[in-house]
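What follows is a single structure, written as structure tokens, with notes after it.
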Amino acid sequence: MAVHALNLSATLQRSRERLVAAREEERRRLRRDLHDGLGPRLASLGLKLDAARNHLRSDPELSESILLRLRGDAQDAISDIRRLVNNLRPPVLDELGLPAAVRASAAAQLSTPGPRVLVEAPEPFPSLPAAIEVAAYRIAQEAISNAVRHAHAQLCTVRLQLQDGLELEVTDDGDGLPDTYQPGVGLSSMRERTAELGGRFTIEPRTEGGARVLAQFPLAS
């Protein structure tokens, strides 16, 4: 009886540890999704507000058009919060597919007029495992946001390639990586998303200027 009680106690302790680990992983996922998904969208509101203010006197019609789009963007941000709270997969992936979803996200992040984002992908683009699609989408969002907000890039190119797996490459013509560069939450999030799916992640300066983000995901045969 004593041995049986000890075994039950050990089993209960392991169960508690698994529950705690799962809870903390979920908290980390929610924190990462809030930063990668909602953060860039809210940042884009600030960029568009600046654009509207800059054209307020010289081109009131353009300012009004930007403000009207801002209203829609704010409503979209509220919808994003609801989706995150309910732990849903981004519906735009199911509606548009990965390449078009990245294009739509980039358009929502950028001001008008502003930097350009090109998304290159093979056509037709196949449906991928859900976890890989979400990871690639979030990494592309964060990489585009960093290129525009921090590196002041004017051109950002996103390439999706399928070889032995999915390769996501994001390059920009911005300021590049500073000598004192320290990885923050965004970079750690991108790296973690890639590692969780058995992939490889790198970020490096480009010889012609700017930076290159590369995430490679294996696909099961």
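Per the numbering used here, the sequence shown starts with residue 6, numbered consecutively. No residue lacks a Cβ here, since even glycine has one placed at the ideal position from N, Cα and C.
Check, Outcome
"Our contact map puts valine 139 next to arginine 94 with C-beta atoms below 8 angstroms; I'd like the distance itself, whole angstroms only.", "6 angstroms"
"Based on Cα-Cα distance, which residue from Glu30, Leu182, Ser110 and Arg62 lies nearest to serine 150?", "Ser110"
"Hey, out of Ala152, Ser63 and Pro134, whose CA is closest to glutamate 209's CA?", "Ala152"
"Per DSSP, what kind of secondary structure is arginine 94 in: helix, strand or coil?", "coil"
"Threshold first: 3 residues or longer. Then list the beta strand (DSSP E) segments lying entirely within the region 95-167, N to C.", "121-125 and 160-167"
"My output table needs one value for arginine 33: the three-state DSSP class, helix, strand or coil.", "helix"
"Leaving out five residues on either side along the sequence, give the residues of the same chain with a beta carbon under 7 angstroms from the beta carbon of leucine 47.", "Ala82"
"Candidates Asp178, Gly191, Gly179 and Leu173: which alpha carbon is nearest arginine 205's?", "Leu173"
"So the candidates are His9, Val122 and Ala141; which of them puts its Cα closest to the Cα of aspartate 41?", "Ala141"
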